[in-house]
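6 protein chains.
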Amino acid sequence: MKILLINPNISESVTALIEAEARRAASPGTEFTAVTASFGVAYIETRFEALVGGYAAACLAGEHWSGHDAVIVAAFGDPGMPALREAVPVPVVGLTESALATACLLGARFSIVAISRRIVGWYRDTVAACGLSDRLAGFRFLDTPLRDPGSVQADHEAALEALCRQAVEEDGADVVIIAGAPLAGLARSIRDRVPVPLVDGVSSAVRQAETLAALRTRRPAAGGYAPPPIKPNQGLPAPIERLLRGG
Amino acid sequence: MKILLINPNISESVTALIEAEARRAASPGTEFTAVTASFGVAYIETRFEALVGGYAAACLAGEHWSGHDAVIVAAFGDPGMPALREAVPVPVVGLTESALATACLLGARFSIVAISRRIVGWYRDTVAACGLSDRLAGFRFLDTPLRDPGSVQADHEAALEALCRQAVEEDGADVVIIAGAPLAGLARSIRDRVPVPLVDGVSSAVRQAETLAALRTRRPAAGGYAPPPIKPNQGLPAPIERLLRGG
Amino acid sequence: MKILLINPNISESVTALIEAEARRAASPGTEFTAVTASFGVAYIETRFEALVGGYAAACLAGEHWSGHDAVIVAAFGDPGMPALREAVPVPVVGLTESALATACLLGARFSIVAISRRIVGWYRDTVAACGLSDRLAGFRFLDTPLRDPGSVQADHEAALEALCRQAVEEDGADVVIIAGAPLAGLARSIRDRVPVPLVDGVSSAVRQAETLAALRTRRPAAGGYAPPPIKPNQGLPAPIERLLRGG
Amino acid sequence: MKILLINPNISESVTALIEAEARRAASPGTEFTAVTASFGVAYIETRFEALVGGYAAACLAGEHWSGHDAVIVAAFGDPGMPALREAVPVPVVGLTESALATACLLGARFSIVAISRRIVGWYRDTVAACGLSDRLAGFRFLDTPLRDPGSVQADHEAALEALCRQAVEEDGADVVIIAGAPLAGLARSIRDRVPVPLVDGVSSAVRQAETLAALRTRRPAAGGYAPPPIKPNQGLPAPIERLLRGG
Amino acid sequence: MKILLINPNISESVTALIEAEARRAASPGTEFTAVTASFGVAYIETRFEALVGGYAAACLAGEHWSGHDAVIVAAFGDPGMPALREAVPVPVVGLTESALATACLLGARFSIVAISRRIVGWYRDTVAACGLSDRLAGFRFLDTPLRDPGSVQADHEAALEALCRQAVEEDGADVVIIAGAPLAGLARSIRDRVPVPLVDGVSSAVRQAETLAALRTRRPAAGGYAPPPIKPNQGLPAPIERLLRGG
Amino acid sequence: MKILLINPNISESVTALIEAEARRAASPGTEFTAVTASFGVAYIETRFEALVGGYAAACLAGEHWSGHDAVIVAAFGDPGMPALREAVPVPVVGLTESALATACLLGARFSIVAISRRIVGWYRDTVAACGLSDRLAGFRFLDTPLRDPGSVQADHEAALEALCRQAVEEDGADVVIIAGAPLAGLARSIRDRVPVPLVDGVSSAVRQAETLAALRTRRPAAGGYAPPPIKPNQGLPAPIERLLRGG
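Chains as they are written, first to last, in this note's numbering: chain A, 1 to 247; chain B, 1001 to 1247; chain C, 2001 to 2247; chain D, 3001 to 3247; chain E, 4001 to 4247; chain F, 5001 to 5247.
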């Protein structure tokens, strides 16, 4: 099985982190192509940055999806994901929705630990878009400026662990989702120091992508996720144009 | 007052329709700049087309917002709107959220009449994102291929009127929203032939944009709609880059 | 355009405050008739006082609506509003629903700052009746006895500003609604001292009333907001009786 | 135990119907005082009529509650009920909330059968105000003009029975609530001809009122249902004024 | 009237407590049969213990229901209740749903005070299953190991009273439900020391069971609470097998 | 990896069906132990049968879980699942929650196709318990008596396919879940004859169980899914008693 891993922002260091965690989580035989946005921002915290990242993800998906069995939009918040699910001929999953799918199978209520205060509004929208706000126990977040997205988990491990514990003790979380591609793998590192299951977006997305590919569900020809109808377009990058023609 | 009208798709005929309806609805003294996406599709029906349209809207907003008091994203479904609300220094409104704001002041439950079956999934997401799904009585839609977005209301006026009446009689709507920029003005034309108030996105958006500009609310410096934090970026079109630097 | 401003309680000082703020917010050419309840309480904090105020508002509406293009029920909590929307032949809006309409166009989640602890239960019902509880970040309220509704904003300005800031920092509000006619205008005064947009009920209602009048939506003849069916009645004040006969 | 039965509309024939059904449903030793609004309409179908009926109910409650152990607002839709719960020193219940309480103990989803199409909007608001919209399977209603509220169940028994059956077969109701004081007792008459439990508002309210009185819960001195704070008032009918002074 | 009181756990001391409170709350002439699970745990705090308790309750119900007019599952959380409502030929109520029914008639929002932190997850599920999460102000709970379920209210009365007051002052509860059969009667003891109505599960359930029996609603023959269809079974205890055959 | 497949009802033919589909869906190297309830009913359609099946599943889980990496409760409706998730030391998943997790990654709204009208009430509860009612487009169901659960898909294939198509065309489903262990595998057989993705509970559960086992999340020691506290018990089957002692 081949999975396309799309980092919708421009940080190669984060792509490397994502890819490493993906390899650790994958089934035997799963291979990855990891690609990084050629345009965009260092890391996405806002709806506007997600709009940019979603467009970058669409360009990458259009260019690279062929030859893969599934696509992962590897940023928490799932920029561009619902759109790509319509347009890409193979299954597409995002980190948030995959982490939520996993978390829902481990407990009734989950909290989300995030890398900044500013990012919470966008994440909250994403959880609501998944229809799961009623299972959200709350958010906990770092509240200091980030030096570098590639080193945030090393720089703040103790603080992040404390946030996880607060989510359990004060918010009543049964499960804690550690959000954001820059934190990929942290759930593994601090697993034994927090008393509830920790869920990681990258590894969840890898397994959910494998699942959808393995189940071989068909591409819809009707309903709200059928391919966009063919119609006039202009001025589009070739990969986008190709997706509009059916992939 | 000056308002920037952004058509996030490439149909000049629809831009003309939007601008004409905007002028009819505006207060004395309100002026419009109407711009059309230089890239994208003929009309947006899907999440993927909305992703493209949202990016086009962002490019147009970054290039043209300066000198205006408010910005309207003039496609139903509000492509790019939440993102632009963060990044553009003046108020930004979309057709859907504006139509919903108007409709909620006219009755308890609204139905939405739309130009195609395919478009409903995307619209439903948008209503949910506004938190108003519980006031949605239902959707009614044309179910025939569209010849031309610029002439859809002329081509299908009787069918659209019948859909409005069904929304009242069968779905129990107190108000009917006629959705989609290509239908701009239809609410006025068939006003006396449907027994409940009809709401139009373009005219609602014009009035809501005027309202936000007139109330002179401040640009947020905190919360989930503050401007995106300044951080490294690369490869972006100048208008997007400028919005990321604060507008 | 002529708008009828109804203060459903007996405080002339609050009527003056409302009218002054309404004039500041209005479009050129908009004129107001401001009327005060001849019976009722000094200010409404509870469902029971709202029942009384709603009846007073209905009497005033029936007596004075004619010759106006829209009616504003100028108390937060919107006493009598849904009922008047059915019975008065021109558009009717309340302060709460109008403030919510404005707030929803400025951010995802709003908090409400109020003049007393006791008032919160009633306000919460009102937000729920608008279907917007999911966007409510929380309430903040003064918790000291009020000397006089006419001077509450002068007496407590610093405390009210602090509540607004707490709503942003602790509740994660994107927007703060300053609730209650006695606080009309405070949003303007402290605008630069709170880091998110502040929304005022009176000015929002003035603009929304102007919008509905300008859009010239029809009076419903069907649905849940059509005029009440004609039927036997007795013992009613003339203005109420007139509304029951169709206005 | 003594219960005050308030008919918030002016139809003596409906008061008689209510009182007869109340006596049938009551525990041994329960006595009723049944009072009819001296002003208002023949029967309440709309929010505006409910505003009038709520005020009439408040006048009757203020005048007559003393010497009773509980008060029933005996119109479906519960006009004035939340307000009276604050202001009357003994428990107050409405027909809708009582019928919902009973229905929720008999199945997961309930439908409501009503006497007119026009009444549904108001009833829907009431169910939502009780927080129970998610358990509502739907509405079914007579769609012919009513000759007389006192004889509606005799005039339309077969049609009403058919509506109940449709609620089960087409809407999937586990329980059917027969709504409206004019239908008091119908649930008993057609009990064996509909395959699910039928719930009647009057008998439910009698039992719930007895329950609250028997449980001797205290009158709140805090929270959102404490008595309204004492403050200046003017121009009020004596019974209302007395309730504002604490009962 | 005869009511079967089922304690789904093995603590005879709690059965005695339940029965005593039931007798205090009952109408004249109501008699009780109180039975205790022959297998299970000392008190139920978790979903797994509730599964065991639900099965024990089913065995007791099948064995003892005959000759009774209604059945009460006398543990908060209502183990087995929805299942028994289908299978037992007379009305079945649980403590939680009954307490919620009562609480909803006394105020808009209720809090729940519980005997342990661990129990909250299960209780939250139960409130959600009743569709009433939106009226839940919050949970407050003892956070110390329990010596004995039979003496928990005597051992912790002051702490429980303090939790009730916090629910009012900090969570904004209009009503407080004191949860768990081991706390039966506490609402009466501390009634005058908490400023809002306190609701007790056992007494509420007794009154609701009497109400359902008195209203003589029919057993459903359709809908989701009709008796389970007859089909092959094996290996079941006689009381369960009898319920599967129709009671 | 070893997975325990629990059929909570007594039909060996259905166990065989489940096991065959599980093997088809599994990753290389995954092995199954399939066990069938020794007591219970032929197939579960109601809450009461689910109570029995849940208890049977708990007995089987306690007896057989050791030596396995995950447990599947292989009946749609997930009888006993939330309880087993607390008590079994390895991950436990149900067919419904697994199918929902898969469906949510394939579209916005799903419909559920079921084997009988009677089963819908119970399934609806289960979807609500997962917090996903807002994404449910509707139910479609066979409405004829079933000859044999083991042959239902062969007996009714054309009817089931038609129900799937109606879910798409009339209810607007993006995805259709084919519910009930007796239909295991049907999604594969009719995959090309329905225009949207079809989701099967058994194969989804196999993949989700593998995912949870592979992610090696820890067993909770806090929160609402920690093991039940140790406390006195009596009269329990050994497998249940062992689970109460920690597994």
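C-beta atoms are modelled at their ideal positions from N, C-alpha and C, and glycine is treated no differently.
What you are looking at is a predicted structure, and each value in this text was computed from that prediction instead of being measured.
Buried versus exposed call for E3012 of chain D [16 or more other C-beta atoms within 10 Å across all chains shown]: exposed
Of all the options D:L3186, D:R3218, D:L3136, which has the alpha carbon lying nearest to the alpha carbon of I3018 of chain D? D:L3186
Got a sec? Which residues, its chain only, sit under 6 Å from G2094 of chain C by beta carbon, not counting five neighbours each side? V2073, D2078, M2081
Applying a beta-carbon distance threshold of less than 9 Å, which residues of chain D neighbour D5171 of chain F? Correct list: empty, because the minimum Cβ distance to chain D is about 14 Å.
For V120 of chain A, would you say it is in contact with chain C, using Cβ-to-Cβ distances shorter than 8 Å as the test? yes
Quick one: what does DSSP say R1117 of chain B is sitting in, helix, strand or coil? coil
Could you work out which residue in B:L1243, B:Q1234, B:E1241, B:G1247 is closest to T36 of chain A when comparing CA atoms only? B:Q1234
What did DSSP end up calling F5039 of chain F once you bin it into helix, strand or coil? coil
Distance cutoff 8 Å, beta carbons only. Does V3052 of chain D sit that close to anything in chain C? yes
Is the beta carbon of R1124 of chain B closer than 8 Å to that of G2131 of chain C? no
Leaving aside the five residues before and after G4247 of chain E along the sequence, list all residues of the same chain whose C-beta is less than 6 Å from its C-beta, in chain order. P4089
Beta-carbon proximity of A2075 of chain C to V2206 of chain C, cut-off 8 Å: no
Coarse secondary structure for G77 of chain A, derived from DSSP in three states: coil
Beta carbon of P227 of chain A nearer than 8 Å to that of E63 of chain A: no
Pairwise C-alpha distance: D3174 of chain D and R3109 of chain D: 5 Å
Give me the Cα-Cα distance between G1040 of chain B and G1054 of chain B, rounded to the nearest whole angstrom. 10 Å
Considering only DSSP beta bridges, list what D3200 of chain D is partnered with. D:I3178
Please state the DSSP three-state secondary structure of T217 of chain A. coil
Interfacial residues, the segment 5207-5235 of chain F to chain A, with Cβ spacing under 7 Å: R5207, Q5208, T5211, L5212, A5214, L5215, T5217, R5218, P5220, A5221, A5222, G5223, G5224, Y5225
Could you tell me whether the segment 2155-2164 of chain C touches the segment 2193-2205 of chain C, using the rule of 3 or more Cβ pairs below 8 Å? yes
Apart from the five residues just before and just after L215 of chain A, which ones in its own chain have a Cβ nearer than 7 Å to its Cβ? none
If you reduce the DSSP assignment to three classes, tell me which class R1188 of chain B lands in. helix
Around the C-beta of R2047 of chain C, are 16 or more other C-beta atoms found within 10 angstroms, so that it is buried, or is it exposed? buried
May I ask you to report which of helix, strand or coil DSSP gives T5030 of chain F? coil
Partner residues on chain C for D200 of chain A, Cβ-Cβ distance less than 9 Å: Near D200 of chain A there are no residues of chain C at all, since even the closest Cβ is about 25 Å away, more than 9 Å.
With distances taken Cα to Cα, identify the nearest neighbour of P2239 of chain C among C:S2066, C:A2034, C:A2050. C:S2066
Could you tell me the boundaries of the beta strand (DSSP E) in which L2146 of chain C lies? Neither: L2146 of chain C is in no beta strand (DSSP E) and is coded neither H nor E.
What residues in its chain sit with their C-beta under 6 Å from that of A4184 of chain E, if we drop five residues either side in the sequence? L4017, I4018, E4021, V4202
List, in chain order, every chain C residue whose beta-carbon is nearer than 7 Å to that of T3046 of chain D. E2086, P2228
Of all Cβ atoms in chain F, is any one closer than 8 Å to the Cβ of S13 of chain A? no
Can you grab the Cα-Cα spacing for the pair A3050 of chain D / A2083 of chain C, in whole Å? 8 Å
For chain D, is any of its Cβ atoms less than 8 Å away from the one on E4097 of chain E? yes
Three-state class that DSSP yields for S5253 of chain F in the structure shown: Limits of chain F in this structure are 5001 at one end and 5247 at the other, which puts residue 5253 of chain F out of reach.
Flag G246 of chain A as yes if its beta-carbon sits less than 8 Å from any beta-carbon of chain F, otherwise no. no
For L1005 of chain B, which three-state DSSP category applies? strand
With DSSP run on the structure shown, which of helix, strand or coil describes A4070 of chain E? strand
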